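**Student:** Below is the structure I would like to discuss, written out as structure tokens.
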Amino acid sequence: MADNAKANLLTVDDLVSGYGEAVVVDGLSLQLAAGQSMAVLGRNGVGKTTLLNSIIGVTQRRRGRIILAGRDITALPAERRAQAGIGWVPQERNIFRSLTVEENLTAVARPGPWTLERAYNLFPRIKQRRANLGSQLSGGEQQMLAIARALMLNPVVMLLDEPTEGLAPIIVDEVMATLTRLVRDEGLSMLVVEQHAQRLLGITHQAVILERGKIVWRGASAALAAAKPTLEKYLGVVKR
Amino acid sequence: MPPIPSPTLSGHSPRWRLVLEVAFWLLAFSAIFLMPRRLLLLNEIAILALFALSLDLILGYAGIVSLGHAAFLGLGAYTAGLACKHFAVDPLLAVAASAFVAGLVGFATSFLVLRGTDLTRLMVTMAVALLLGEAANKMQWLTGGSDGLQGVTVPPIAGAFDFDLRGRTAYVLSFLTLLALFLIARRLVASPFGMTLRTIRDNPLRAAAIGVPVTRRLVTIYTISALYAGIAGGLLAVTTQFVSLDVFEFSRSADVMLVLILGGTGYLYGGIIGAVAFKVLQDVLSGLTPQYWHFWIGLLLVALMVVGRQRIGSWITRPFSRLRAFGQPNAPDNGGVS
């Protein structure tokens, strides 16, 4: 990998995209360096999920480019982007219901450091349920399976869409601990979309705040966590 | 790593499944000796089962609905019939030719079918079957048109096994073909290829987003399915030594769908169980009321939907999973739910 590609593992350049006639992401640019994690924050409907969907390739692009590890993937269809190294953990978790846990993991696995064994080590709980169908899992287990499934693709960068949404607090802790481990110990590069900023800022390196499809704030996560007025202004967050 | 039970026939330990399966096939084979007078019916059942199996590959595993699957049955039947009539080839070779031709046309038409949603697929598959049926009707010089393909003489298999009037050779051929293709299909659907097919059936967009080449997978399975249906058609031609236009008819496509609904989709045995049920019912009911047997099939179908057991197979497998559930309080009772 060229040094330049390493510094900018994922580049989104002047992206304009949406669904049908509607433009949701409106001239957005960001760079993510290898081994870095970035929190993508913002209120409901500002285009966070659409940004991720545009990177995985299921929205209509009007303008802009997406470059992954020095390779322009803008013109690639979704499956080729996934093969190029985009690992996606969707918002609704979207487990394949008619496949077993293990089949969910192995169906699309690609060779690399992440194996079934390591995925199971990361989530012992889903190992216990390996022979169960996807439709028989709890919400938390589904989330773990969705993360493990993305890891099995051995992605260059992971995109997580509200990984703690709708989960019980104790499961949220578990998922957050796993993400921390992936960021700190594994050096995995990731973009994480969340509505609840506080905890995510504790584990990511950088953060961006979106409003109406544009980035209105960017910087270090630690700086944002300390900048109460900024959080208050864009997210309406009151420190617990 | 120990093998994990596959979700097909779920709720059963691998050992139980194996016992059930071996018993099933032994029973089917021993029918040669148990029901020597009904071998022609059994041959029809085996061919219909293979035809339904081919539909299950696309409907049950990839979620492609088709109301024109007879297109490939018909192509296979005419290919084998013509090969035997004009070139007096070995029946096995004739059936292989059926597979090739049907597979080729399946590949070519798969691109039409993959566009659009369920409703367009229903219409497009039906249109392909209608087109081929009408083409066979018009090409009288080749197919004999509405008179059917006359004068098909099928030589003995490998020069040794002649087709007898009671249908013994016919049934053995169809049975062994069904068994072989079933085993291949089972291997196929349990492979990573088969798993990715099910991800597509569950949600194509999501499957693509995690790296499944959706179009290529669908083209492949549609081609394989067409090839299977072609073999069923080829068997039909060589075992009955006659081909008529009705192999392309809409009722063939509709019946095989009915068979699959009776037996259940997505676990491969559905087509076989459905074919047995369908043909036996047809045989019994048409003996009682020759004109109206479809009425009773319809009534049964309605009853089946109301009762909520989506497939006949679950009546057989469900009690076993209940038994097992006694020993394992946490085991989900999943028998019969695909």
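Order-wise, the sequence lines are chains A and B.
Here the first sequence is numbered in my numbering, starting from -5 and rising by one per residue.
Here the second sequence is numbered in my numbering, starting from 2 and rising by one per residue.
Each residue gets a CB set at the ideal place from its N, CA and C atoms; glycine is no exception.
Keep in mind that this is a model prediction, so the values were computed, not measured.
(1) Please report the distance separating the alpha-carbon of residue 169/A from that of residue 5/A.
(2) Strictly under 8 Å for the Cβ-Cβ distance: is residue 82/A near chain B by that measure?
(3) The alpha helix (DSSP H) with residue 172/B in it runs from where to where?
(4) Quick check for students: name the residue ranges of the alpha helix (DSSP H) that lie wholly in the region 190 to 233 of chain A, counting only runs of 4 or more.
(5) Tell me whether the beta-carbon of residue 42/A lies closer than 8 Å to the beta-carbon of residue 52/A.
(6) In three-state DSSP terms, what is residue 245/B?
(7) If you run the structure through DSSP and keep just helix, strand and coil, what is residue 132/A?
(8) Indicate whether the contact test is met: 3 or more Cβ pairs, each with one atom in the region 251 to 258 of chain B and one in the region 193 to 212 of chain B, closer than 8 Å.
(9) Taking 8 Å as the cut-off, decide whether the C-beta atoms of residue 152/A and residue 113/A are in contact.
(10) Following the continuous alpha helix (DSSP H) through residue 275/B, name the residue where it begins and the one where it ends.
(11) Name, please, each residue of chain A whose Cβ falls closer than 9 Å to the Cβ of residue 205/B.
(12) Which runs of the beta strand (DSSP E), 3 residues or longer, sit entirely within the region 109 to 163 of chain A?
(13) From the DSSP secondary-structure annotation, give me the bridge partner or partners of residue 186/A.
(14) Are the C-beta atoms of residue 3/B and some chain A residue less than 8 Å apart?
(15) Would you say residue 88/A faces chain B, with C-beta separation under 8 Å as the test?
(16) How big is the Cα-Cα spacing for residue 144/A and residue 81/A?
(17) Cutting at 8 Å between CB atoms, please list the residues of its own chain near residue 160/B, excluding the five before and the five after it.
(18) Does chain B have any CB closer than 8 Å to the CB of residue 122/A?
(19) Let me check one thing: in DSSP terms, what residues is residue 65/A bridge-paired to?
(20) Kindly indicate which three-state DSSP category residue 177/A falls into: helix, strand or coil?
(21) Give me the Cα-Cα distance between residue 110/A and residue 176/A, rounded to the nearest whole angstrom.
(22) Cβ closer than 7 Å: which chain A residues qualify as neighbours of residue 199/B?
(23) For residue 215/B, which residues in chain A fall below 7 Å Cβ to Cβ?
(24) Nearest to residue 7/A by alpha carbon, out of 13/A, 225/A, 14/A, 19/A?
(25) For residue 55/A, which of helix, strand or coil comes out of DSSP?
(26) Using a Cβ-Cβ cut-off of less than 8 Å, give me the residues of the region 139 to 164 of chain A that come near chain B, in sequence order.
(27) Which word fits residue 108/A, buried or exposed, when buried means at least 16 other C-beta atoms lie within 10 angstroms of its C-beta?
(28) From the DSSP output, in three-state form, read off residue 90/A for me.
(29) Residue 215/A to residue 269/B, Cα distance in whole Å?
(30) If we define contact as Cβ-Cβ less than 8 Å, is residue 211/B a contact residue for chain A?
(31) Give the C-beta separation of residue 71/B and residue 99/B to the nearest angstrom, bearing in mind that I take them to be a contact with Cβ-Cβ under 8 Å.
(32) Have a look at residue 225/B and residue 162/B and give me their C-alpha separation to the nearest angstrom.
(33) Among 29/B, 40/B, 305/B, whose alpha-carbon lies nearest the alpha-carbon of residue 170/B?
(34) From the beta carbon of residue 50/A, is the nearest beta carbon of chain B less than 8 Å away?
(35) What would DSSP say about residue 5/A, mapped onto helix, strand or coil?
(36) With a threshold of 16 other CB atoms inside 10 Å of the CB of residue 331/B, please say whether the residue is buried or exposed.
**Tutor:** If we stick to the structure as given:
(1) Sequence index remark: in the first sequence, residue 169/A carries index 175 (1-based). Sequence index remark: in the first sequence, residue 5/A carries index 11 (1-based). Across the structure, residue 169/A and residue 5/A are spaced so that their CA atoms are roughly 27 Å apart.
(2) Sequence index remark: in the first sequence, residue 82/A carries index 88 (1-based). So, interface residue.
(3) Against the second sequence, residue 172/B aligns to sequence position 171. Looking at the DSSP string, the run of the alpha helix (DSSP H) that includes residue 172/B is 169 to 191.
(4) Taken in chain order, the whole alpha helix (DSSP H) runs of length 4 or more contained in the region 190 to 233 of chain A are 191 to 197, 215 to 220, 222 to 229.
(5) Within the first sequence, residue 42/A is the residue found at index 48, counting from 1. Within the first sequence, residue 52/A is the residue found at index 58, counting from 1. No, Cβ-Cβ distance for residue 42/A and residue 52/A is not below 8 Å.
(6) Numbered from its first residue, the second sequence carries residue 245/B at position 244. Assigned with DSSP and collapsed to three states, residue 245/B falls in coil, not helix or strand.
(7) Here residue 132/A corresponds to residue number 138 of the first sequence, with the count starting at 1. In the structure shown, residue 132/A sits in coil (DSSP, three-state: anything other than H, G, I, E or B).
(8) In this structure the region 251 to 258 of chain B does not touch the region 193 to 212 of chain B; the number of beta carbon pairs closer than 8 Å is below three.
(9) Numbered from 1 along the first sequence, position 158 holds the residue referred to as residue 152/A. Numbered from 1 along the first sequence, position 119 holds the residue referred to as residue 113/A. Residue 152/A places its beta carbon 8 Å or farther from that of residue 113/A.
(10) Position 274 of the second sequence, counted from the first residue, corresponds to residue 275/B. Taken as a continuous stretch (DSSP letters only), the alpha helix (DSSP H) holding residue 275/B covers 270 to 289.
(11) To locate residue 205/B, count along the second sequence from 1; it is residue 204. Correct list: empty, because the minimum Cβ distance to chain A is about 10 Å.
(12) 151 to 155, all fully within the region 109 to 163 of chain A.
(13) If you number the first sequence from 1, residue 186/A lands on position 192. For residue 186/A, the beta-bridge partners assigned by DSSP are 33/A, 154/A.
(14) Sequence index remark: in the second sequence, residue 3/B carries index 2 (1-based). Model confidence at residue 3/B stands at a pLDDT of 40, short of 50, so the residue's coordinates are unreliable; what they give is reported in the following sentence. Any Cβ of chain A closer than 8 Å to the Cβ of residue 3/B would place that residue at the interface, and such an atom is absent.
(15) In the first sequence, the residue the question calls residue 88/A occupies position 94. At a cut-off of 8 Å between beta-carbon atoms, residue 88/A makes contact with chain B.
(16) Counted from its first residue, the first sequence places residue 144/A at position 150. Counted from its first residue, the first sequence places residue 81/A at position 87. When rounded, the distance between both Cα atoms is 5 Å.
(17) Working through the second sequence from its first residue, we reach residue 160/B at position 159. In its chain, beyond the 5 residues on either side, 91 have a beta carbon closer than 8 Å to the beta carbon of residue 160/B.
(18) By 1-based counting over the first sequence, the position of residue 122/A is 128. Interface flag for residue 122/A against chain B is unset, since no Cβ pair is found closer than 8 Å.
(19) Here residue 65/A refers to the residue found at position 71 when the first sequence is read from its first residue. BP columns for residue 65/A point to 62/A.
(20) Locating residue 177/A in the first sequence gives position 183, where the first residue counts as 1. Looking at residue 177/A - three-state DSSP - the assignment turns out to be helix.
(21) Here residue 110/A is taken as the residue at index 116 of the first sequence, counted from 1. Here residue 176/A is taken as the residue at index 182 of the first sequence, counted from 1. Spanning the alpha carbons of residue 110/A and residue 176/A requires a straight line of approximately 16 Å.
(22) As a first step, residue 199/B must be located in the second sequence, where it is residue number 198. Ordered by position in chain A, the residues that pass the 7 Å Cβ test against residue 199/B are 90, 92, 93.
(23) If you number the second sequence from 1, residue 215/B lands on position 214. By Cβ distance, chain A contributes 73.
(24) As a first step, residue 7/A is located in the first sequence; it is residue number 13 there, counting from the start. It is 19/A.
(25) Taking the first residue of the first sequence as 1, we reach residue 55/A at position 61. Residue 55/A falls in the strand class under three-state DSSP.
(26) Cβ contacts with chain B come from 143, 144, 147.
(27) Residue mapping note: residue 108/A aligns to position 114 of the first sequence, counting from 1. So residue 108/A ends up on the buried side.
(28) Here residue 90/A refers to the residue found at position 96 of the first sequence. Residue 90/A: coil per DSSP, three-state reduction.
(29) Sequence index remark: in the first sequence, residue 215/A carries index 221 (1-based). Sequence index remark: in the second sequence, residue 269/B carries index 268 (1-based). Cα atoms of residue 215/A and residue 269/B: separation of roughly 53 Å, rounded to the nearest angstrom.
(30) Within the second sequence, numbered from 1, the residue matching residue 211/B stands at position 210. At a cut-off of 8 Å between C-beta atoms, residue 211/B counts as an interface residue with respect to chain A.
(31) Locating residue 71/B in the second sequence gives position 70, counting from the first residue. Locating residue 99/B in the second sequence gives position 98, counting from the first residue. By a beta-carbon distance limit of 8 Å, residue 71/B does not contact residue 99/B. Their separation comes to about 14 Å.
(32) As a first step, residue 225/B is located in the second sequence; it is residue number 224 there, counting from the start. As a first step, residue 162/B is located in the second sequence; it is residue number 161 there, counting from the start. Rounded to whole angstroms, residue 225/B to residue 162/B spans 28 Å at the Cα level.
(33) On the second sequence, residue 170/B is found 169 positions in, with the first residue counted as 1. Measuring from the Cα of residue 170/B, the nearest candidate turns out to be 40/B.
(34) Counting from one through the first sequence, the residue named residue 50/A turns up at place 56. For residue 50/A, the answer is yes, since a Cβ of chain B falls inside 8 Å of its Cβ.
(35) Residue 5/A sits at position 11 when you count from the first residue of the first sequence. In the structure shown, residue 5/A sits in a strand (DSSP, three-state: E or B).
(36) Here residue 331/B corresponds to residue number 330 of the second sequence, with the count starting at 1. With a pLDDT of only 39 at residue 331/B, under 50, the local geometry of the prediction cannot be trusted, and no value is derived from it.
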